[in-house]
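Novice: Numbering-wise, the sequence shown is residues 11 to 151 according to the numbering used here.
What follows is a single structure, and I will ask about it in a moment.
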Amino acid sequence: MKNKHYKNPMALSVAILLFAGFILLGSYIFKDKTDIRTVRTQASLTTHELFTQLQAKNDVEYSPYIEKAIEVKGVIKEITVRDGVYSIILDGDNRERHILCEMQRDQNNDIVTLAVGEEVVIKGILKGLLLDAILLNCILV
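Encoded structure:
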């Protein structure tokens, strides 16, 4: 005798996987984002100082800054916007290296008043260094 409640076990498996996927997607979309205003700043650096420390041979010098909030003072090279999210690119220590700052959406009104060549202080979470340094969840200080 077959169990009448599970006529199609494949459909039940797909339904369970879809449900789990929606739960994971929802938790990712609605996860609690850190309010950068309340996070303690680990360092206040100029763009040159940041690159000097990130390029140091001794990882101990800059590892405390990775995944931490830092403030960086620099000159705006470019301001871009994509899907309503602004990014400010600060001049680095040479023409080929920059600091990419992805801004929080609540900063949009302040960003539109800025101009290329203006000096700013930006606070954000340092994610790391490839050719450029990357700061996320940034605000203007």
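Here a beta-carbon is modelled for each residue, glycine too, at the ideal position from N, C-alpha and C.
Given this structure, state the Cα-to-Cα distance separating D103 from A53, to the nearest angstrom.
Specialist: Each residue's alpha carbon lies about 18 Å from the other.
Novice: Short of 7 Å in beta carbon distance, which residues of its chain neighbour V151, apart from the five on each side in sequence? Order them along the chain.
Specialist: Cβ neighbours of V151 beyond the five flanking positions: E81, V131, I132, K133.
Novice: Note the first and the last residue of the continuous alpha helix (DSSP H) segment covering D120.
Specialist: First-last of the alpha helix (DSSP H) with D120: 118-121.
Novice: Tell me G84's beta-bridge partners as DSSP assigns them.
Specialist: DSSP lists V130 as partners of G84.
Novice: Rounded to whole angstroms, what is the Cα-Cα separation between G127 and E88?
Specialist: So the alpha carbons of these two residues sit roughly 8 Å apart.
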